[in-house]
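Beneath this line is the structure, given in structure tokens, with notes to follow.
Numbering (my numbering), first residue to last: 585 to 1290.
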């Protein structure tokens, strides 16, 4: 596959040589890199069914940072979309009267909510009511219904350009007035004197006023009423009032699933109800119901990013939160401001970027982003630590947001690319991994651009860290079903650039445990590189580590053992050496779910697997280049057997299959007799049991363990 030229390394530049052996470069063992990748990959990539515990795949043990969150909460844009027909701001003239038919249509489907009566009483008594609430909570619909219920002769929508200081001048007609989402800032707050002046004017004209605002600190002396939205099910029921089959519709499986994934904001519940009212029993109608959530989140992400009234810093936080979904809030907040700086430089290059030292609270920023937060235990190398974690209640929101930024707003790419490169150089594993995950989403949306602008630059780096980020990105892109990633990795395995080869080799090893169906193609690609037989020691070790990782695939270990046995017959010595070294490296592992545990639980009971594993053991023990490493791995299995009766029985079953000649028996006998315990003490008791297996005709006498 032709690799696009990256911005950082052009085709005209000379290919850098590989770092010399012993060069001061931080490296990381492949299994540690695997654990780091799985620990910090966001849930929307791994999905609820993916898992990683030890080397197990397919369970529910994977360590997604912050845990998993299920739910389905609407992510609104700055422009609210209401459930009352056509009566939105787009249909109103500035400071014009809202058509009565629009108010009556809204009244037919409006649900009061828990504080409606309190709001109505305050409005009747005070004439002015400030109604605050979260974005898309339905407060604007509530404002109009409050005035409608008062029985005023007309309801007027005030101009969106109204400010606190010009408010009173707008109240020149009798009836009701509604001012939607009054924009407030530190320099333009809504004060109590503004409301006093408004009340005086309303008394003169016999009028009433409802002002809606998002929760804001810029209301000195003003007591707003916090609007609480109704339940989503009540909103859906209200839209079905005229349907005789409302009960049947509410019992449909997609409807039950939608309501169970709540909470939902009124606007989303209303839009879902509109789709439900059109249900006619056809397959197409059922598909529309099932697809509603995805369609809604795409639309709202587009609205949020395209809304020119949304502050640039809020958009930067929204994007950062998509990258750090289900991670500590402080990460998203800290790194969002760095993205904001890049956006500022891109939009206003002549102006020095400014970041306010103090700003909105965490709760307010999350509310604006349509996200939530809660304190959870975050896993660290020192143990669980409580952290305030931020997340989008709907798990697919991050994917949709990042894809929309990348493909729908290409002018933002320079800032986004620069920011992701910075994240890839961060010292925190979670930050680096999330940068890779974000780049994987971008690759899924537009692979050529992501490779050219991000992945290839990381892949050809002389430094270790960026290459790992490139490998992680390609692994996660494959999990997202990005096109031709496997072909790219296969091509890079034999690329002329040593760093691309290293990246591809590492990626293939990391990928197979998550995609067992790709284990065989991955091994073929690694063997193709080994056939060239011109690898440096560092690259050879990378090949061995990745081959060993292929044997961590729980559901395909038997298949991988068979493939390794086949490679033993290869006419190229380097391919045979790769098979043996990878096998021995995989065996020399005592982690949970390692090959020894799989053999004890499953492999020894499968005729083909037991035969192939014994053949590989015999070949490794009998090959002078691998004998010492194989004996070390056998010590590891014996130490596991000392702790695990199942592993001990498995070794008792395996050892006879490893003896073909007297030399084989002598080699194993010497290793078991001279073995020390894990703590350096005398030979472990299980070694005596295994010695008895080696010499079945002679009763093994207790031996000195000095």
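Glycine included, each C-beta is placed from N, C-alpha and C at the ideal position.
Residue 1146 and residue 1152 have their alpha carbons spaced roughly 10 Å apart.
Under the DSSP assignment, residue 751 falls in the alpha helix (DSSP H) whose first and last residues are 751 to 754.
Under the rule that a run must span 4 or more residues, the alpha helix (DSSP H) segments found entirely inside the region 896 to 977 read 896 to 907, 913 to 931 and 946 to 952.
For residue 928 and residue 892, the gap between their C-alpha atoms comes out near 15 Å.
Close CB contacts of residue 986 within its chain, under the 8 Å cut and outside five residues either way in sequence, are with 903, 906, 907, 1022, 1025, 1026 and 1029 (chain order). Where residue 1096 is concerned, there is no enclosing alpha helix (DSSP H), because DSSP gives it neither an H nor an E. Listed as beta-bridge partners of residue 713 by DSSP are 794. In the DSSP annotation of this structure, the continuous segment of the beta strand (DSSP E) that includes residue 763 starts and ends at 759 to 763.
In its chain, beyond the 5 residues on either side, 973 have a beta carbon closer than 7 Å to the beta carbon of residue 958. Counting C-beta atoms within 10 angstroms of its own C-beta, residue 1167 has 16 or more neighbours from the protein chains shown and is therefore classed as buried. For residue 806, there is no enclosing alpha helix (DSSP H), as DSSP marks it with neither H nor E.
The alpha-carbon of residue 1006 is positioned some 45 Å away from that of residue 819.
C-alpha of residue 1074 to C-alpha of residue 1009: approximately 26 Å in a straight line.
Only residues of its own chain outside the window of five on either side were considered, and among them 1188 have a CB closer than 6 Å to the CB of residue 1237, listed in chain order.
Between residue 717 and residue 708, the C-beta gap is not smaller than 8 Å, which leaves the two residues out of contact. Under the three-state reduction of DSSP, residue 882 is assigned to helix. The criterion of a C-beta distance shorter than 8 Å is not satisfied by residue 1202 and residue 1159. In the three-state DSSP reduction, residue 1267 falls in the coil class, being neither helix nor strand.
Taking the CA atoms as reference points, residue 791 sits about 38 Å from residue 885.
Here residue 867 is exposed, its C-beta having fewer than 16 other C-beta atoms within 10 Å. The straight-line gap separating the alpha-carbon atoms of residue 1149 and residue 1200 is approximately 7 Å. In this structure, the alpha-carbon of residue 1067 lies about 22 Å from that of residue 993. According to the DSSP assignment, residue 686 belongs to no beta strand (DSSP E) but to the alpha helix (DSSP H) extending over 684 to 693. Across the structure, residue 1140 and residue 1177 are spaced so that their CA atoms are roughly 14 Å apart. Here residue 1279 carries a coil assignment [DSSP, helix/strand/coil]. For residue 820, no beta strand (DSSP E) run applies; the uninterrupted alpha helix (DSSP H) run containing it begins and ends at 816 to 823, by DSSP. Cβ contact annotation for residue 1050 (same chain, cutoff 7 Å, sequence separation greater than five): 1008 and 1042, in chain order. Counted as a single uninterrupted DSSP element, the beta strand (DSSP E) harbouring residue 739 occupies residues 739 to 741.
Boundaries for residue 1210: no alpha helix (DSSP H) harbours it, and the DSSP string shows neither H nor E there. In the structure shown, residue 681 adopts extended strand secondary structure according to DSSP, grouped into three states.
For residue 1257, the enclosing alpha helix (DSSP H) starts and ends at 1246 to 1257. Rounded to whole angstroms, residue 1100 and residue 1090 show a C-alpha spacing of 16 Å. Around the beta carbon of residue 1247, fewer than 16 other beta carbons lie within 10 angstroms, which makes this residue exposed. Under the three-state reduction of DSSP output, residue 747 falls in the coil class, being neither helix nor strand. If you draw a straight line from the Cα of residue 629 to the Cα of residue 1060, it comes to about 7 Å. Rounded to the nearest angstrom, the gap between the Cα atoms of residue 1125 and residue 619 is 19 Å.
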